[in-house]
Every structure is written in C-alpha cells, then in structure tokens.
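Down below is the structure, laid out as structure tokens.
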Amino acid sequence: MKLTRTPTRRSVLSTGAAALGAAAFVRPGLALANTPANLQLSWLHSVQFGGSYIAASNGYWADEGLDVTLTPGGPNAPVEPPVVSGTALVGISAADYTAAAVAEGAPFKIIAVAMQKNPFAIASLAANPVNSPAGLVGKKIGMSTNNTPVLQALCTLNNVDINEIEIVPTQYDAAPLVSGQVDCLLCWATDLPVAMTIQGVDNVTMLMADHGYSVYSQTYIATEDSIANRRAEIVGLLKGEVRGWNDYQKDTDAAAVLTVDMFPDAGLDLEAQKLQAERQLPLMFSDLTAAEGFGWFTEDGIAQNIETLALLGRQVTPALWDRSLLEEVHAV
Amino acid sequence: MTRTRGIHGWLSALAALALWEIVAQIYPNSFVIAGPLDVLRHMAENTGLLSRAVTATLHNAAWGFLWGNLGAIILSCTVILLPRSERTISLLALTVFCLPLVATGPILRVLYGPGNGPQIALAALAVYYTTYLALVVGLRAIPQNWSDLTRIYGRGRMTELFYIRARASLPYLIAGLQIAAPAAILGAMIGEFTGADRGLGVLTLRAMRSLDVDATWALASLAATVSILVYGIIGWIGRRLVAHPASILMTPPPVQGRENWSRSLGKAVALIALVLVLWHSVMDIFDLNRFFAKRPLDIWRYLTTNDEARSTLRTALTETSALTVPGYLAGLGLGAGLAILLTLVPALSATVLPAAIALRSVPIITTAPLIVLALGRGAAGTIIIVAVMIFFPTLIACLQGLRQTPGQIIDMFDSYAAGRLRLMRWARIPAMLPAFFASARMAIPAAFLAVTTTEWLATGKGIGNLMALTATTSNYNMLWSAIVVVTAAATLAYLVVERIERAILRVYASEQVQG
Amino acid sequence: MRCSPMSGAAVELNGVSKVFGTGDAKVDAVAPLDLMLKAGQTTALVGPSGCGKSTVLRMIAGLEDPTTGTVQIGTETPKALARRGAVSMAFQDPSLLPWRTLHSNIALGLKLARKPSNPDQVNALIDLVGLSGFGDRRPAELSGGMRQRAAIARCLISEPELVLLDEPFGAVDAITRNRLNLELPPLWRDRGTTAVLVTHSVQEAVLLSDRILVLSPRPAAVVADITVDQTTIPVPNTPDFQRVCDDVSDALGAVAA
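Protein chains in written order, with my numbering: chain A, 6 to 337; chain B, 29 to 543; chain C, 44 to 300.
Here is the structure:
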C-alpha cells in the first residue's frame, strides 16, 4: 500500500484496514523504486479519465520515476479533503469547486485544465427539445437544487428570468426526463445524454459553454505546499497525463477499450464508453491545446472564468491559477 | 416448519413476484422499474460481474458486521457492568450514529486511503447502534430471582453477566443481528460511494446513471436476496440456540429516588463537555486537516459571528423537523403495526417478512424514484420514503418482543378462551413494550438520516439538502454546524422518548428501569 | 456416597429494621427486630401476605441492607458468608436457567459458590432428590415438582452453612407439595445446616421447622415464637401435630384480625 511518504498515523490506520481483511490496493507491475503519488479522481472509474489510464498502462509515469495510484471518487468522495490532507498529491476538481474551497481557506491552485469547455448541458428529448437558453422558459427542469446557482448564472448570461423555469429536485438520473416527469435535465453532456442515446432514447443537448458559461472543468489542483515542496513529482505526474491524453485524442476507441479492460468490475459498457470518449473530445481539445499542448489555459480564459464565477457568487482573482508547472511540462 | 407452511411461503413469494411484474407493466418504459423477468435475464447475462460485486460487498459487509456488533456487545456489557455509565455511553453512541455520511465518508477515506477501510467502517457504523440498544434490553430482561441467584453466592455483576445475562439475552442479540444484516450490506454499499472500484454500490451508481433499469433492479434484487438469506440464516441459528420458551419476568418495581433538576443539568453539561472534548481530541489525534475536519471552537466562532448561517440553519431545521416527526411516527407505527399483524396472522409472515427485508436492504436511491413516481414529491411521498427507511428495526424488535410473552400467561389466556385479540391487547403488547421503546429510541437517529437523505434525493429542502450542498462548496463550517444541530435535535428527541418510556415501563417492565 | 455433614451457623439479628423509599413513598417494611436463630435449626417465618417476611429473609441473605441494626451469621456478616459460598437460597419460582440441563443447573450451585466441579456429587444429589435419569433434561421438559426438587438440589450442592427458602413449594400442587415436604427437609436437616423458611402454609411450617416465628402485618414484628419438637411432632394428622398447627393458626388469626 503506497500512499503516504512518511509513516504517519494514517498509514498505521491503513495497515490496520489491511489487517482487518481489506485487500490492499496494489497496482501491479510497477517498480518499487518509483516515488509513490496519488491522483484523486473526481468520480468512479470510467473513460472520463481515459488519458490517465493510458499513462498508467504505457508506463508514462514510470518514465518519470513515479508510481501513481489513481483513486476513484464517488458521490460521497469530495476531492478537496484528500488533496488538502496530502493523501493525494493532485486532485481532479473544477474551477467552481476549487474557488469555493479556496474561499473556505484551502490553499489550492489550479495547475492544469483538462476540460476547456464546461461539460454542463441542458438535455431534453428530441420530441420536446430545448435548443437555447430562451427555450427553457415555461419548462420543468430536473436537477439537484444545489445546482441552482449554475442555472441562475446561465439565465443571467442569457437574459432569461429563472422564475419562469420550474425547478424539480431530482437525483442525478435521466429517468425523470424519460418518464416525462420533467422536460429537461441539468447534467453533464458526457454522461446522462450518452446513457439515453445508448438506451435508444432520442435526445438533444445544449452545451452551456456555448452560451457563455465559462468555468474550467476537470481541473488539476494541488496545494501551495505541494507545489513548493513536491514540484518535480507534480510536473512528472502532469507529463504523464499530457502524454496519456495526447494518445487518447488519437484513438478514443482504444481508450474506451483500455478502460473497460482495466476495470472489469466497474460494470462499464464498451459502447457507452466509446460514445462518452468521443463526446468529451471537443470539450478537452481545441485549437488552443493544439497550439500550446494539453491542459493549457490562457489569461483570457481565466478572465472569462472569473466573470462566470462571479455570477456563481465566487469572487476569485487570477492568483487561483498557476500555469508555471504546465509551462515546465510543455517546455521539454 | 410444516409442509403446508412451506408451500404457503412459495405461493406468497410467487404472488409477490407476479405483483412486481404487474407494477413493472404499469410503468412501461418509465426507466424507473424493471420486472422480475428482465431482472433474471440481466442476472443471467452478467453472472461473472455480479458475483464479483456481491463477493466484494459481502466481504466488506461481513467485516463491518463483525466489528460493529463486537463494538455493540462490548458497549452493552459495559452498561450492564457499570450501570452508571449507561447515560453517557448511550448518548455518545447516539451522537456517533447521528454523524451523516456526508461528514464521515470523506474523513474515513482520508484516514484509510484507497481500499476497503471506509466500506468496512461504514458497515460497522450502520449496525452497532441497533445491536447495542437491542442487547441492552436483552441483557436486562432477566427475572429478579436469577439476579439474586448470583448475589446470594456473593458473586458480582461479572459472574451474573457471564452465567446468566449473556445467555438470557441471546434472543435479543439474534434479533439485533437480524436487524444488522441488511444494514451492514447497505452500509458497505454506501461506503463504496466514498470511492471504490468494485461492489454492488459501484454498480448501482453506474446502472442508474446509464439508465440501465434492468441492471439497477437486478442489483437491488441481489442486495435484497442476499440480505434475506443472511437474515434467514441468523434466524435459523437463533432458533437452534434458543430452544427454550420465554420465562416469566416478575420484578418488584425498584424504588426510585427522584433526581433533582440541578443534578440532571449538571450531568447534561458534563456530557456535552465530554462530547466536545472527544470531538476535538479525536480530530487532533488523527491529525485531520481543519479545512474539512472542523473543531468545536471553529463551529462556535462560525455560528456566533455569522447571522446568515444561523438563519439558514434555522430555516433548514424547521423544514426538516416538519418531515421528521410525521415520518418517524409513520415508520414506528408501520413497524409495530406490522409486527402485531404478523403475530395475529402468522401465515402472512412468509410474504411480509421477505418483502420487509427487501425494502430495508434495497438502497433507497433505487426505490426512491419509484415512490416519487407513484406518490409525487409532496409530503406523502417523503413521509413514505422515511417510513420505509426506518420501519424495519421496529418490526423486528417488536416481533421479538411479542414473542417474549411468557408461556404461562398465554396458557392462562387460553384457559379463558380469551381469543387472539384480547391476548394481544392484554398480554402480548405489554410484553412487547420494552422492545418497542428500544426501537423507538433507535429509530430517532434513523429518522433524521432518512429525512436528510430524502431531502437530498427528492425534495431539495432542509438540512439534508444543506449538507449535500456544503460538500460541493467545501462549506465544512456549515456541514459541522448542521451535524451539531441534528445531533442536538436527535438527543433531545431521545431524551423525550426515554422519559415517556420510563413512565410506561415503570408499570409494564420495571426490570428495564434502573435508577 | 455422602459428604460429611457440615455444621450450620447461628443467625443473629440485632435491632434490624427496613424502610423502603423516602418522603411520601416511605414504607416501613420491618420493625426493629432482635432474633437469635440457633445453628442447625430450621426456623419458619409465617405471617400475612406482604408482612415483610421475605424482606427479613433477604436481609439475612445479604440481598438487602438493613436500614438500622446488624445481621450476624456465626461471626460474619451475610455478605462475607456469601462470598465464601456458604449460603444458598431457593425461591418460590424454581429459577432454573432454561438453557441448562438439570445436571448443569445443579452444578451451577457449585460454580457460583466457587467450589470445584464434581459431577459425581451432582449425580448423587440428583438421585437423592429423586430425579435419577433426568440429568440431561432441560427444565421445560420437567414437571413443576421436579423443577422444585432441582432447585433444592442446586441449593444444597454447595453444602452451605445456611439455607434460605422463600416459599420454595408455593408454586406446586398440594399433593406434590406434601411429598416434597416429607422427602426434602432431611437433606439439609441431616447435615446440620441452619435453615430459614418463609411460608404461607401452617402445615408446612410445622412439618419442617424446629421453631416458628409468627410475624405481624407491616412493619413486621414477631408476635408469636413457637417451638416445635421435631423428634415427636412431625407426623401429620396426629393430635400433637394438629395442636401445634392450631397454635400457629391462632397467632396468625390474631394478627390478621
């Protein structure tokens, strides 16, 4: 079990957990001499993190002298606590979450951006489509009420009165839309709509990023302390990520196959993974990344993020972002 | 079990399956419910995947079950050996049980790192409290003479516990373990939500998001089937171990010294101080980062300086209480009512009990959408979801309590040809009261958990929604404030129920009322 | 096989009283009582229901502490005697543990008295109380009389110096009771064990005891102290027997009136 660098109480506890009969999470085939590092993913294993799996299976991190553990997330696994505790060297978050955490005193920096375009979308059935923010008026939208600020921001950006939309609190699940309880859903373009398509439900998505909602997503975060003291490891980790995601861009189907092979117990459907892999491609790669490399972000992009975040009630400064590590990664 | 009863059971099971298929047909293409035929097909097509998931989840559930129940046994024996510690231990156990998953999940994940630790810990946390309460009742439920028997030889509580109480409490322990079995499986599944790479919980999440309703119901059916099996096995072991009929409890009411208010106030203050010190020191000992593991002083500062936070919290608490009280009463009523019904008409057990265990062990994220679809998002739907989530321990505890009616008393009623209803009213229900009140106490934190979960899943209001929100916005000050508020409310409710319990048990079961 | 008889202990009560509760709920259960019970004798406490005779017994057992006064058994306190395993008690309800066999219920008496286990001794006593062949049965499989015999056996297996009997035959039918009254008392009497018996039955008291103390209604006080000559009297339905019974009944009638 390679998690923490120093034997802390935490590792004692982990050992205890192993002694309780818990199978240790050991990644096979990695040289022992490599420095262990933990990358905290934001959700369960899926092709959403396909580039990372490519990096792991092709030994891109071993090349950097790293032994990276990919820790899955989940509905009750916020990314920020393990990163702030040092259990994870780097975490996958989103600009709005990170801004909130920083406002609560977490010393985070955004060091790279996997999703240039925010994946939030309004999904609706083809028979009753919502194609523009104005089309939301008079509709019932199913969403977690926690995302009300997101909808509010979209409305503000597009001069729509949020009071004319009926918000129905639902689980993060496409069933209410398919069963006709709501007219549309606030969700990621890469999951519920993919599921509906795979299930043969004809649907339409409207990407919020195409309507002014500029919040970087799937962002890489690290603490100021780690950036100062474990800089080489973070740079190495990002280098592996960049190589992995570059491979991913070339062949998303291969990434989907690898994901399904690596996690046979995750219940992944290959066709759904292929479609998801394809759908997230335009969110992650653009002319900008073609020119500057994977994960890049610009001052303009930061300025737009700051504007949208302000609409979400988050006041942030460009100091939230630190591109210096990425510059090192791409300088080589 | 007789042959006719066996056939009866099979017929009832078939009827239940048919009903299920019919409901599935009522909502075709709703993507909310799949019928048993689709479920079976999915299981057949994914045997390998499902069996690996069941193995993974059961493995964690089994360890959690073991540790949680061991903890419960140690705690309840402590209470028997040191009766003065009861208040403190009960309220501390309640406090820990009140901690919502939103708070404990991330902390456990940080403590354990990757692996099965959090799943095992959450399964253990899901079972220890109900077993503890059931066992304390059981350890106390001995006749005064048995207790005198050890004292007459100058032996202490330890001997009494070893030779008498331990064995006498076995039926209660078995009932506790039966309640714990589905809870452990559910706890392990929810533990997987803190980041796991295999298990029934992982697959359930995946299936729901993939709109794969066959898979969702196949997983729910698997969880339910496994729970029913474990429940049955524990019951079978219990029947083998406890072949003797219940003995009559004749206890003179103990003489009560009335406690004055200043003394109880002093005790309350001491207990709160103890909780705060434990809270602070546990977090310090494990070196948990203050960003997400707030200390009592942080919360004090946050709440005393932040008017907006206080009013947010107050509004949320009001909304939550408005649902918790009816949901709690509905759940208790459903549990006790079903127990009475099953005792009056034992033939129903074969149908109702498996259905009850299934309802208990199917993750609420699977059933809630169906209930919402059928009943809407209004108060009725919410109250039913809450009742479904909490009725099970009450049902099992009350059934066990009803069985505790001493044989001699049943014979006496039979000799008057008094009839089942009179026997129920005059003998069985009073015999059930200690178990009922134990479950009324154990249902309090469960009701809060149920309501907060429902708020998060269905209504988007109240403390539950607030807590879910805090996790996405890293507002851990608010999360811990909400925990404090919920715990305080639960403790208060606990004390109220305890007061009612004491007043009633003083008449019906004085061996339970100590000091 | 018989073990050598043990000598019983004398019981002395000096100004023993018992008050339950405080304030309005105060109940005077036992008035200050001075008693001297001779070693090896069986003393019966009779009196109207609820008069406090069981409380006297429980104070002698060390199960209740007297509000005033002291109880002395031999040279010891009741609790010291209990710690040596030198006292045992039988209740109206046989209080056998339903999960133990008859044999192991009786053996429990040895265990609780911290005496080495001795299956042969247990079997011998099972024979002696007339339960031969039932050693591996559980209480639920035995009749009420058999259970009561087992309870007495459990009481005697530890060879106590003092035996306390709280209505031990109160819950069995009259015929069984008469048989038990004739068969069981020699078991402790012959060993020279001191015994204190609480009973409602005048006949039983006369049959079993060397001395009968008639207690008044609450608070309990001794209103009659009747000596029974066990060498001549304990033959039921003889004029002598009937005369003692009448004496006790008269005393009881007087306090009940």
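Don't be surprised by glycine CBs; every beta carbon is placed ideally from N, CA and C.
Sequence-distant residues of its chain with Cβ nearer than 8 Å to residue i (five each side left out)
| i | result |
| --- | --- |
| glycine 95 of chain C | Lys61, Ala72, Val73, Leu258, Arg261, Pro262 and Ala263 |
| arginine 190 of chain C | Pro137, Leu139 and Pro182 |
| proline 33 of chain A | Confidence is the limiting factor: at proline 33 of chain A the pLDDT is only 45, short of 50, which leaves the residue's position unreliable and the question unanswerable from this model. |
| alanine 132 of chain A | Asp207 |
Min CB distance residue i to chain B below 7 Å
| i | result |
| --- | --- |
| glycine 128 of chain C | yes |
| threonine 92 of chain A | yes |
| phenylalanine 134 of chain C | yes |
| serine 138 of chain C | yes |
| threonine 150 of chain A | yes |
| tryptophan 231 of chain C | no |
| aspartate 345 of chain A | Lying before the first or after the last residue shown, residue 345 of chain A is absent from chain A, which here runs from 6 to 337. |
| alanine 267 of chain C | no |
| valine 125 of chain C | Per the sequence shown, residue 125 of chain C should be read as alanine rather than valine. Chain B, which has a Cβ nearer than 7 Å to the Cβ of alanine 125 of chain C, makes this yes. |
| glutamine 157 of chain A | no |
| aspartate 196 of chain A | yes |
| leucine 56 of chain C | no |
| asparagine 136 of chain A | no |
| alanine 82 of chain A | yes |
| alanine 297 of chain C | no |
| alanine 74 of chain C | no |
Local Cβ density within 10 Å of residue i, reported as buried at 16 or more and exposed below that
| i | result |
| --- | --- |
| threonine 85 of chain B | buried |
| lysine 255 of chain A | exposed |
| lysine 489 of chain B | buried |
| glutamate 85 of chain A | buried |
| glutamine 53 of chain B | exposed |
| alanine 139 of chain A | exposed |
| methionine 186 of chain B | exposed |
| leucine 136 of chain B | buried |
| tryptophan 264 of chain B | exposed |
| tyrosine 200 of chain B | buried |
Chain A contact for residue i (CB, 7 Å cutoff)
| i | result |
| --- | --- |
| glycine 204 of chain B | no |
| leucine 93 of chain B | Per the sequence presented here, residue 93 of chain B reads as phenylalanine, with leucine not at that position. Judged by the 7 Å Cβ criterion, phenylalanine 93 of chain B is not in contact with chain A. |
| arginine 69 of chain B | no |
| phenylalanine 476 of chain B | no |
| phenylalanine 464 of chain B | no |
| proline 556 of chain B | Given a span of 29 to 543 for chain B in the structure shown, any question on residue 556 of chain B remains unanswerable. |
| serine 502 of chain B | yes |
| alanine 152 of chain B | no |
| threonine 222 of chain B | yes |
| valine 60 of chain B | yes |
Neighbour flag for residue i against chain C, beta carbons, 7 Å
| i | result |
| --- | --- |
| glycine 141 of chain B | no |
| arginine 431 of chain B | no |
| arginine 195 of chain B | yes |
Beta-carbon proximity list for residue i, same chain, < 6 Å, skipping 5 on both sides
| i | result |
| --- | --- |
| proline 323 of chain A | Ile307 |
query = Can we say the region 343 to 362 of chain B touches the region 402 to 421 of chain B, given the rule of at least three CB pairs closer than 8 Å?
reply = Contact between the region 343 to 362 of chain B and the region 402 to 421 of chain B is present, because at least three Cβ pairs lie under 8 Å.
inquiry  = Give me the subset of the region 161 to 193 of chain B whose CB atoms are less than 8 Å from a CB atom of chain D, sorted by chain position.
reply    = The displayed structure is made up of protein chains A, B and C, and chain D is not among them.
key: Under 8 Å (Cβ pairs) to chain A, residues found in the region 235 to 255 of chain B   = Within the region 235 to 255 of chain B, the residues whose Cβ lies closer than 8 Å to some Cβ of chain A are Ala235, Met236, Arg237, Ser238, Leu239, Asp240, Val241 and Ala243, listed in chain order.
query = Does the pairing of the region 244 to 251 of chain A with the region 69 to 77 of chain A give three or more beta-carbon distances under 8 Å?
reply = Short answer: they touch.
ask   = Using a Cβ cut-off of 8 Å, which residues of the region 271 to 288 of chain A contact any Cβ in chain B, in chain order?
value = Close to chain B, meaning a Cβ-Cβ distance shorter than 8 Å, are the following residues of the region 271 to 288 of chain A: Ala271, Gly272, Leu273, Asp274 and Ala277.
task = Could you name the residues of the region 317 to 340 of chain B whose beta carbon sits closer than 7 Å to any beta carbon of chain A, in the order they occur along the chain?
result = Under the 7 Å Cβ criterion, the region 317 to 340 of chain B contributes Asn317, Phe319 and Phe320.
query = Would you say the region 499 to 506 of chain B touches the region 450 to 460 of chain B, given that touching needs at least three Cβ pairs under 8 Å?
reply = At 8 Å Cβ cutoff, the stretches do not touch.
request  = Examine the Cβ distances between the region 208 to 219 of chain A and the region 294 to 313 of chain A and report whether three or more of them are shorter than 8 Å.
outcome  = Segments in contact, yes.
query = Given a limit of 7 Å on CB to CB distance, which residues of the region 94 to 128 of chain A reach chain B?
reply = If you check each beta-carbon in the region 94 to 128 of chain A against every beta-carbon of chain B, the ones closer than 7 Å belong to Tyr102, Ala105, Ala106, Glu109, Gly110 and Ala111.
query = What residues in the region 46 to 77 of chain A have a beta carbon less than 7 Å from any beta carbon of chain B?
reply = Across the region 46 to 77 of chain A, CB contacts with chain B closer than 7 Å involve Leu49, His50, Thr74, Thr76 and Pro77, in sequence order along the chain.
task = Please list the residues of the region 189 to 215 of chain A that have a C-beta atom closer than 9 Å to any C-beta atom in chain B, keeping them in chain order.
result = For the region 189 to 215 of chain A, which is checked against every Cβ of chain B, the residues closer than 9 Å are Asp196, Leu197, Val199, Ala200, Met201, Ile203, Gln204 and Val206.
query = At a Cβ cut of 9 Å, what residues of the region 82 to 108 of chain C count as close to chain B, listed as they run along the chain?
reply = If the cut-off is 9 Å between Cβ atoms, the region 82 to 108 of chain C has Arg101, Ala104, Gly105 and Leu106 near chain B.
query = Any contact of the region 247 to 262 of chain B with the region 379 to 391 of chain B, i.e. 3+ C-beta pairs under 8 Å?
reply = When C-beta atoms of the region 247 to 262 of chain B are compared with those of the region 379 to 391 of chain B, three or more pairs fall below 8 Å, so the two segments count as touching.
ask   = Are the region 233 to 243 of chain B and the region 112 to 125 of chain B in contact at 8 Å, needing three or more beta carbon pairs?
value = Fewer than three Cβ pairs drawn from the region 233 to 243 of chain B and the region 112 to 125 of chain B lie within less than 8 Å of each other, which leaves the two stretches out of contact.
request  = Output, in sequence order along the chain, the residues in the region 496 to 524 of chain B whose CB is closer than 8 Å to any CB in chain A.
outcome  = Considering only beta carbons, the part of the region 496 to 524 of chain B lying closer than 8 Å to chain A consists of Ala496, Leu497, Ala499, Thr500, Thr501, Ser502, Asn503, Tyr504 and Asn505, in chain order.
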